[in-house]
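Report on one structure; see the data block that follows.
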């Protein structure tokens, strides 16, 4: 069986390494939602993204480019 997870000492934050010459992705858990609250949060975020001028709805992953982030070192 392939193991895709490992325990880290930095919870609630984690750094996800990536290819050479690129910056890692950092993720932080900022809240724990009560049961059912995620649906409202998702709908709210989706509505805000769809109204953004640079909204893109592709590959079942709608998103809006908020900033011109450059991940290459």
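In full-length UniProt numbering, the protein residues as written are 1 to 73.
Even for Gly, the Cβ is constructed at its ideal location relative to N, Cα and C.
Keep in mind that this is a model prediction, so the values were computed, not measured.
Quiz prompt | Contact under 8 Å by Cβ, residue 33 with residue 41 | solution = Yes; because the gap between Cβ atoms is below 8 Å, this pair is in contact.
Exercise. Provide the residue(s) that pair with residue 13 in DSSP beta bridges, ordered along the chain.
Key: 28
Quiz item: For residue 72, which residues does DSSP report across the bridge?
Solution: Note: residue 72 sits in a beta bridge opposite 22.
Quiz item: What number of angstroms, rounded off, separates the C-alpha of residue 86 from the C-alpha of residue 21?
Solution: Residue 86 cannot be examined here, being either before or after the span of the chain that is shown, 1 to 73.
Practice problem: Would you identify the three-state DSSP class for residue 36, choosing helix, strand or coil? | Solution: Coil, per DSSP.
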